[in-house]
Amino acid sequence: MREFERTIKGERIRQGLRKDFRASRNTFGLVGCQNVVVEKEGLVTYRQLPFAVSPLWMAGAGIELSWPEPRIYQGRHYSFMTYKSRLFYYDETSEEPVEITTIKSVNDVDTDFAPIYTNPWEFIDLGEAWMFVNGGCAIMYHKYNQMTGGSDVVRGYDGVRVQTGCEFRGRMILAGFDKENSWHPTWKTFIESWAQEIVSDFATDIELNSNFVMWSSVGMDLFWIFYPSTLGLSGPISGAGYGADRPWIFEGISR
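Here our numbering is used: the first residue of the sequence shown is 643, the next is one more, and so on.
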């Protein structure tokens, strides 16, 4: 095997790579590059990308670089960093994450919720609202509680376990359900009770599993499946006449 040296410079580099390998030979442009990158000044060797978060800060926070963690997500209103069961708001200006230490249960704002880490988090960007799912639990933030005079806090729920999800044109799309943790008993009771009143031939015994995809209405009912106790029967307003024969969910959706 013989090794030949050839200098490539000038216009050949500025032309970049050829769009197709079938382009004629001995013309400007390269077919491919290995271990170098074509830039304005020519062929450039590997350049280390800057850290989005200081290695010193990560060491102090007990975060180790080990693929696929940690992860950084950029949303329309918020940016985040996740590391296993920990979630952080990420300030793109200071490049310093702020850990979300207060997470409350969906069912009780006075009860703390500990995130369950099973797989890397999937980020669902809903603008000022957001959610993370990983197949073990869901962590979410929204302004729904303001409708009933409550405070906005980050909430967590593991009664509905979803592998992945996204936002698409105003809808929340969820997929990859755990059939053992997809329908809360409260929702089952609600659906069975009202199915006969709303629509005929409505199946009430379908189990959501890993090959199911669920999507919401446009801009509505985005989090309903995660709120079995508060929307299913009584609602977050006590003593207001809501119950099984007058479910608060209909008023909540209409708002």
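All C-beta atoms, glycine included, are put in the ideal place defined by N, C-alpha and C.
The model shown is predicted, which means the values in this text are computed figures rather than measured ones.
Local Cβ density within 10 Å of residue i, reported as buried at 16 or more and exposed below that
i	result
W825	buried
A780	buried
L707	exposed
V804	buried
L729	buried
I705	buried
P712	buried
Q676	exposed
Y869	buried
P739	buried
I867	buried
W772	buried
N761	exposed
T724	buried
G818	buried
W699	exposed
L873	The predicted model places L873 with a pLDDT of 48, which falls under 50 and marks its position as unreliable, so this point remains unresolved.
V679	exposed
E900	Given a span of 643 to 897 for the chain in the structure shown, any question on residue 900 remains unanswerable.
E681	exposed
L691	exposed
Y688	exposed
W709	exposed
D752	exposed
P757	buried
V775	buried
CB-CB length for residue i against residue j, believed under 8 Å
i	j	result
L816	M856	5 Å
G694	I714	The question names Gly, yet the displayed sequence has Ala at residue 694. Between I714 and A694 the Cβ distance is about 5 Å, and since that is below 8 Å, they are a contact.
K821	N851	4 Å
E734	S721	6 Å
Y799	G778	That pair is no contact at about 11 Å.
G791	N823	That pair is no contact at about 31 Å.
Bridge partner(s) assigned by DSSP for residue i
i	result
T806	A817
V855	A817
Y732	P739
R933	Here the chain covers residues 643 to 897 and nothing more, so residue 933 does not appear.
W900	Residue 900 lies beyond the stretch modelled for the chain, which goes from 643 to 897, so this question has no answer here.
Y725	R728
heavy atom of the ligand NAP below 7 Å from residue i C-beta
i	result
W829	In the structure shown, the ligand NAP is absent, as is every other ligand, since no ligand is present at all.
Cβ contact check for the region 731-746 and the region 785-805: 3 or more pairs under 8 Å: yes
Complete runs of the beta strand (DSSP E) confined to the region 665-722 [at least 3 residues]: 679-681, 684-686 and 713-716
The region 802-821 contacting the region 757-768, beta-carbon criterion three pairs below 8 Å: yes
Unbroken stretches of the beta strand (DSSP E), 3 residues or longer, contained in the region 735-769: 738-741 and 764-768
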